[in-house]
Amino acid sequence: QVQLVESGGGLVQAGGSLRLSCAASGSIFSINRMGWYRQAPGKQRELVARIISDGTTQYPGSMKERFIISRDNAKNTMYLQMNSLRPEDTAVYYCNSDTDTGRYWGQGTQVTVSS
């Protein structure tokens, strides 16, 4: 199993930046890819960014313009740098990992962007 713990969320004004962290523990050797998802009230959970085991990054749509996913293998930690934040970025942000045996989620961290 893989345990994921997010941190770094909070309240920020529009135009500001935040960096989220996701610390992984457990069977991290089995992780094929990790990603950040978000879920706003009343909306479905959506992919924000993904990083594959070989370091390849993937972003849906226009996410790459403002969001940057990265990882520090020595610290078993993944990051999401969020810039030029907008009120519509307000959501709970979840860390995710996919392994050969399952998918794991963190508890989520709230990001609120005020206008």
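For the sequence shown, this note's numbering assigns the number 1 to the initial residue and increments by one for each residue that follows. Built from N, CA and C at the ideal position, the CB exists for glycine as well.
Check	Outcome
Rounded separation between Asp98 and Leu4 - CA only	12 Å
DSSP state of Ala74 mapped onto helix, strand, coil	helix
Assigned secondary structure, Asp98 (DSSP; H/G/I helix, E/B strand, else coil)	strand
Opening and closing residue of the beta strand (DSSP E) in which Gln110 lies	109-114
Same chain, Cβ closer than 6 Å to Thr112, five either side skipped, listed in chain order	Leu11, Thr90
Supposed contact pair Arg71 and Gln79 - C-beta distance, whole angstroms, cut 8 Å	This sequence places Tyr at residue 79; Gln is not what is there. Between Arg71 and Tyr79 the Cβ distance is about 7 Å, and since that is below 8 Å, they are a contact.
Straight-line gap, Ser62 to Ala49 (C-alpha atoms, nearest Å)	11 Å
Cutoff 8 Å; reference Ser17; Cβ partners in own chain excluding five residues on either side	Gln81, Met82, Asn83, Ser84, Leu85
Beta strand (DSSP E) segments (min. 3 residues) lying fully within the stretch 16-89	18-26, 31-39, 46-52, 67-72, 77-82
Cα-Cα separation, Asn32 to Asp100	7 Å
Sequence-distant residues of the same chain with beta carbon closer than 8 Å to Asn76, five excluded per side	Ala23, Ala24, Ser25, Ile28
Nearest candidate by alpha-carbon position, reference Ser115, set Asn96, Arg103, Pro87	Pro87
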